[in-house]
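Peer 1:
Number of protein chains: 2
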Amino acid sequence: MLLSFDSELHSFKDGKVTIAPDPEDLTARARIRDAALRHFGEHGFERATIRGIAETAGVSSGLVRHHFGSKQALREACDEYLSKVLSRLNDQVRADSHPGTVNYVAVARTTLGPYQRYLARALAEGSAAAVFDEMVRLSEEWLAVLDRDRPDPPLVDRRIRAAVGTAMSLAVPVLHEHLSRAMGVDLFSPEGDELLAQALLDAYSHPILTVEAATAAQAALRRH
Amino acid sequence: MLLSFDSELHSFKDGKVTIAPDPEDLTARARIRDAALRHFGEHGFERATIRGIAETAGVSSGLVRHHFGSKQALREACDEYLSKVLSRLNDQVRADSHPGTVNYVAVARTTLGPYQRYLARALAEGSAAAVFDEMVRLSEEWLAVLDRDRPDPPLVDRRIRAAVGTAMSLAVPVLHEHLSRAMGVDLFSPEGDELLAQALLDAYSHPILTVEAATAAQAALRRH
DNA sequence: CATTTAGCTATACGCCCGTACAGTATGCTG
DNA sequence: CAGCATACTGTACGGGCGTATAGCTAAATG
């Protein structure tokens with residue numbers, strides 16, 4: 410389940426970073442990283458403890474420091490790992506399907522599966538900036554294809570729209586708990602997922618504003 | 410700027426809660442609560458310290474415990490306070506304007522102004538559930554009005570759509586930092602706000618899916 | 001074989017934080 | 001005036017945490 414493709418198994422000692430040759434997973438280092446992803450995701454960065462992470466990884470707490478240097482560096486390693494998973498996912502999608510047919514962000518959200526909780530926490534805590542930026546970039550590419558079919562040109566820069574769309578997609582995992590409570594279903598369950606999909610379809614296909622109201626509002630914005 | 414209408418200045422001692430008569434603000438209790446809102450909002454619940462909060466409130470750390478009992482209880486008092494601000498805001502909007510003309514959630518977001526950072530943090534950390542639920546309720550009322558003008562009935566329960574919409578609106582303050590970085594403007598600045606408004610208008614008035622694609626997708630969902 | 005290097009453990013240090021509590025001043029009540 | 005509750009301070013305690021470091025083992029290196 411836990412994908413891994415570490416060619417960069419480096420360790421930390423006395424402030425220097427060295428490269429170890431072993432590309433095999435099940436490495437203690439990888440186990441620690443996976444445990445950290447889980448703990449950070451479940452309890453948040455502050456509440457998660459190095460000792461707790463070490464325990465689930467089946468190693469001593471000292472080894473965590475040996476490999477990652479500090480708690481903050483461990484967090485950054487997790488972010489970097491997620492970035493790598495995302496870019497690999499991106500390559501795969503790009504190879505498999507025609508551009509514009511898939512909502513990258515939605516795909517990323519679902520495929521990031523076990524890391525979703527971590528990603529949500531990290532983003533809310535201000536971390537994982539690279540992952541967010543990458544998702545915006547992907548969303549931008551996707552929008553570029555969609556824009557070709559639009560009758561009138563959009564007023565707003567594509568990057569802006571991509572950023573807003575990305576943020577809104579990510580609202581689902583970030584606010585997962587509240588959303589599930591309000592909807593009465595666990596969002597991560599099959600029924601919850603379907604309900605969400607239907608709600609999004611409804612929103613996407615039925616604009617809240619009429620086109621007339623929207624253009625009037627835009628005109629008002631431009632005047633002001 | 411900090412509204413306050415405390416008729417409930419109660420203090421904590423030995424597990425019991427008593428009511429004090431003074432409705433005047435500038436009370437130490439109110440100052441502590443305001444400082445807590447700021448500290449929790451800026452640093453998050455875990456990183457914020459009682460001593461730090463006490464210092465900005467200009468009181469001793471012991472007084473914080475005296476009034477609120479524990480850090481967790483202080484957090485809950487903040488949540489409750491926000492709930493009250495929201496409901497008061499709601500009454501005001503309801504009195505001023507016709508129903509359906511205003512996007513409640515958007516109004517709430519902006520009017521909650523100084524508390525936005527706290528609200529965002531609290532929601533991301535799983536707190537402030539009552540505030541979220543209240544916003545869903547308001548959004549539901551708003552949708553009820555909009556639905557009257559819709560040609561075909563929506564497939565999805567109104568509450569579900571309200572919840573999803575609320576979550577997406579809240580993505581803005583919650584992911585404020587990342588969003589601002591990706592957009593190249595601070596979202597809380599006037600330009601950022603206008604950009605965001607335009608992007609939302611664009612999304613609201615130009616459905617990402619054509620109606621045909623959406624109905625096809627919905628049919629596929631129903632088959633599956 | 002001698003020496004180094006990486007992986008790993010165990011223990012200890014020191015800080016910071018939430019909490020507890022004793023104590024003081026002030027003002028209200030009967 | 002006596003008694004008591006409330007607002008508030010200062011200090012102290014205990015624990016948990018990140019971090020540091022010494023030391024062990026085993027494999028790699030020359």
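If you're matching them up, the sequences are chains A and B in order. Position in the first sequence (from 1) plus 409 gives the number in this note's numbering. Position in the second sequence (from 1) plus 409 gives the number in this note's numbering. Using N, Cα and C, we set each Cβ at its ideal position, and we do this for glycine too. Nothing here was measured: the structure is a model prediction, and the numbers come from that model.
1) Less than 8 Å between the CB atoms is what I'm expecting for Ala553 (chain A) and Leu588 (chain B), so what's the real figure, rounded?
2) Does any residue of chain B bring its CB to less than 7 Å from the CB of Met592 (chain A)?
3) Once the 5 residues before and after Phe449 (chain B) are set aside, which same chain residues still bring their CB inside 8 Å of it?
4) Does Glu489 (chain B) get closer than 7 Å to chain A when you measure Cβ to Cβ?
5) Is Gly450 (chain A) helix, strand or coil when you go by DSSP?
6) Identify whether Thr458 (chain B) lies in helix, strand or coil by the three-state DSSP scheme.
7) For Ala439 (chain B), go through chain A and note every residue whose CB falls closer than 9 Å to its CB, in chain order.
8) Is the CB of Met544 (chain A) under 7 Å away from at least one CB in chain B?
9) Going along chain A in order, which residues have a C-beta closer than 7 Å to the C-beta of Asp595 (chain B)?
10) Can you list, in chain order, the residues of its chain whose CB lies under 8 Å from that of Glu451 (chain B), leaving out five sequence neighbours each side?
11) Do we get a CB-CB distance below 7 Å when we pair Leu435 (chain B) with the residues of chain A?
12) List the residues of chain A whose Cβ lies closer than 7 Å to the Cβ of Gly461 (chain B), in chain order.
13) Comparing the C-beta of Asp556 (chain B) with each C-beta of chain A, is any distance below 7 Å?
14) Cα-Cα, which of A:Val468, A:Lys493 and A:Met544 is closest to Leu579 (chain A)?
15) What distance in whole Å lies between the Cβ atoms of Val583 (chain B) and Ala533 (chain B), which are believed to be in contact at a cut-off of 8 Å?
16) Residues in its own chain within less than 7 Å of Ile569 (chain A) by CB, not counting five upstream and five downstream?
17) Note down, in chain order, every chain B residue with its Cβ under 8 Å from the Cβ of Arg474 (chain A).
18) Would you check whether the ligand COA has a heavy atom nearer than 6 Å to the C-beta of Ala437 (chain B)?
19) So, is the C-beta of Gly478 (chain A) closer than 7 Å to a C-beta in chain B?
20) Leu446 (chain A) to Gly453 (chain A), Cα distance in whole Å?
21) Would you report the Cα separation of Ala606 (chain B) and Arg438 (chain A), rounded to the nearest angstrom?
22) Note down, in chain order, all residues in the segment 442 to 468 of chain B with a beta-carbon under 8 Å from any beta-carbon belonging to chain A.
23) Cα separation between Val468 (chain B) and Val494 (chain A)?
24) Contact defined as beta carbons within less than 8 Å: I believe Ile462 (chain A) pairs with Ala482 (chain A). What is the distance between those atoms, to the nearest angstrom?
25) Run the CB neighbour count on Ser548 (chain A), radius 10 Å, all protein chains shown included, and call it buried at 16 or more, exposed below.
26) Consult DSSP for Leu532 (chain A) and reduce its assignment to one of helix, strand or coil.
27) For Arg557 (chain A), name the three-state secondary structure that DSSP assigns.
28) With 16 other CB atoms within 10 Å as the buried threshold, where does Pro430 (chain B) fall?
29) Between Leu584 (chain B) and chain A, is the shortest Cβ-Cβ distance under 7 Å, so that the two count as touching?
30) Does DSSP classify Val494 (chain A) as helix, strand or coil?
31) Going straight from the alpha carbon of Tyr524 (chain B) to that of Ile441 (chain B), what length do you get?
32) Alpha carbons only, please: which of B:Leu498, B:Glu455, B:Ile459 and B:Ala466 is nearest the one belonging to Leu634 (chain B)?
33) Taking the C-alpha atoms as reference points, what is the distance between Glu464 (chain B) and Ser470 (chain B)?
34) Check the C-beta distance from Glu586 (chain A) over to Gly535 (chain B) and give it rounded, since I have them as a contact under 8 Å.
35) Considering only residues of the same chain and omitting the five flanking positions on each side of Ala539 (chain B), which have a CB-CB separation below 8 Å?
36) Whose Cβ in chain B lies nearer than 7 Å to the Cβ of Pro563 (chain A)?
Peer 2: With the given structure in hand:
1) Taking the first residue of the first sequence as position 1, residue 553 (chain A) is located at position 144. Taking the first residue of the second sequence as position 1, residue 588 (chain B) is located at position 179. That belief does not hold up - the Cβ atoms of Ala553 (chain A) and Leu588 (chain B) are roughly 20 Å apart, past 8 Å.
2) Position 183 of the first sequence holds residue 592 (chain A). Chain B, which has a Cβ nearer than 7 Å to the Cβ of Met592 (chain A), makes this yes.
3) Against the second sequence, residue 449 (chain B) aligns to sequence position 40. The residues are Ala457, Arg484, Cys487, Tyr527, Arg530 and Ala531.
4) Counting from 1 along the second sequence, the entry for residue 489 (chain B) is found at position 80. No, its Cβ sits nowhere closer than 7 Å to a Cβ of chain A.
5) To locate residue 450 (chain A), count along the first sequence from 1; it is residue 41. Three-state DSSP puts Gly450 (chain A) in a helix.
6) Taking the first residue of the second sequence as 1, we reach residue 458 (chain B) at position 49. If DSSP states are grouped into helix, strand and coil, Thr458 (chain B) belongs with coil.
7) Translated into the one-based positions of the second sequence, residue 439 (chain B) becomes position 30. The contacting residues do not exist; Ala439 (chain B) stays about 27 Å from chain A at best.
8) Within the first sequence, numbered from 1, the residue matching residue 544 (chain A) stands at position 135. Taking Cβ atoms only, chain B never reaches closer than 7 Å to Met544 (chain A), which makes this a no.
9) Position 186 of the second sequence, counted from the start, is the residue given in the question as residue 595 (chain B). Ordered by position in chain A, no residue passes the 7 Å Cβ test against Asp595 (chain B), which lies about 13 Å from the chain.
10) Here residue 451 (chain B) refers to the residue found at position 42 when the second sequence is read from its first residue. Result list for Glu451 (chain B): Ala457 and Arg526, in chain order.
11) For the purposes of this step, residue 435 (chain B) is taken as residue 26 along the second sequence, with counting starting at 1. Output row for Leu435 (chain B): interface = no.
12) Counting from one through the second sequence, the residue named residue 461 (chain B) turns up at place 52. Within chain A, no residue comes near Gly461 (chain B); the closest Cβ sits about 15 Å away, beyond 7 Å.
13) Counting from one through the second sequence, the residue named residue 556 (chain B) turns up at place 147. Not one chain A Cβ lies under 7 Å of Asp556 (chain B).
14) Position 170 of the first sequence holds residue 579 (chain A). It is A:Met544.
15) For this step, residue 533 (chain B) is matched to residue 124 along the second sequence. For this step, residue 583 (chain B) is matched to residue 174 along the second sequence. Right, the Cβ-Cβ distance comes to about 5 Å (below 8 Å), so this counts as a contact.
16) The residue you call residue 569 (chain A) lines up with position 160 of the first sequence. Cβ neighbours of Ile569 (chain A) beyond the five flanking positions: none.
17) Numbered from its first residue, the first sequence carries residue 474 (chain A) at position 65. Chain B residues near Arg474 (chain A): none, gap ~21 Å exceeds 8 Å.
18) As presented, the structure is devoid of all ligands, the ligand COA included, so that no description of it is given.
19) Along the first sequence, one-based indexing puts residue 478 (chain A) at 69. Output row for Gly478 (chain A): interface = no.
20) Residue 446 (chain A) sits at position 37 when you count from the first residue of the first sequence. Residue 453 (chain A) sits at position 44 when you count from the first residue of the first sequence. Going by the C-alpha atoms only, they are around 10 Å apart.
21) Here residue 606 (chain B) is taken as the residue at index 197 of the second sequence, counted from 1. Here residue 438 (chain A) is taken as the residue at index 29 of the first sequence, counted from 1. Taking the straight line joining both Cα atoms gives about 45 Å.
22) Gly453, Glu455 and Arg456
23) As a first step, residue 468 (chain B) is located in the second sequence; it is residue number 59 there, counting from the start. As a first step, residue 494 (chain A) is located in the first sequence; it is residue number 85 there, counting from the start. Cα-Cα distance, rounded: 49 Å.
24) For the purposes of this step, residue 462 (chain A) is identified with residue 53 of the first sequence, where counting begins at 1. For the purposes of this step, residue 482 (chain A) is identified with residue 73 of the first sequence, where counting begins at 1. Not really, about 13 Å apart at Cβ, beyond 8 Å.
25) Within the first sequence, the letter at position 139 stands for residue 548 (chain A). Counting Cβ neighbours within 10 Å, Ser548 (chain A) comes out buried, since at least 16 surround it.
26) As a first step, residue 532 (chain A) is located in the first sequence; it is residue number 123 there, counting from the start. Of the three classes helix, strand and coil, the one that applies to Leu532 (chain A) here is helix, per DSSP.
27) Counted from its first residue, the first sequence places residue 557 (chain A) at position 148. Looking at Arg557 (chain A) - three-state DSSP - the assignment turns out to be coil, as it is neither helix nor strand.
28) Looking up residue 430 (chain B) in the second sequence gives position 21. Note that Pro430 (chain B) has pLDDT 35, beneath the 50 cutoff, so the model's placement of it is unreliable and no number is given.
29) Within the second sequence, numbered from 1, the residue matching residue 584 (chain B) stands at position 175. Chain A, which has a Cβ nearer than 7 Å to the Cβ of Leu584 (chain B), makes this yes.
30) What you label residue 494 (chain A) is simply residue 85 of the first sequence in a count that begins at 1. If DSSP states are grouped into helix, strand and coil, Val494 (chain A) belongs with the helices.
31) The residue given as residue 524 (chain B) occupies position 115 in the second sequence. The residue given as residue 441 (chain B) occupies position 32 in the second sequence. Computed Cα separation, rounded: 15 Å.
32) With chain B represented from 410 up to 633, any question about residue 634 (chain B) goes unanswered, as that position is not in the structure.
33) What you label residue 464 (chain B) is simply residue 55 of the second sequence in a count that begins at 1. What you label residue 470 (chain B) is simply residue 61 of the second sequence in a count that begins at 1. Their Cα atoms are separated by approximately 8 Å.
34) Here residue 586 (chain A) refers to the residue found at position 177 when the first sequence is read from its first residue. Here residue 535 (chain B) refers to the residue found at position 126 when the second sequence is read from its first residue. Contact flag correct, Cβ pair sits at about 5 Å.
35) Taking the second sequence and counting its residues from 1, the one referred to as residue 539 (chain B) is at position 130. The residues are Asp488, Glu489 and Ser492.
36) Taking the first residue of the first sequence as position 1, residue 563 (chain A) is located at position 154. Neighbours of Pro563 (chain A) on chain B, chain order: Asp611.
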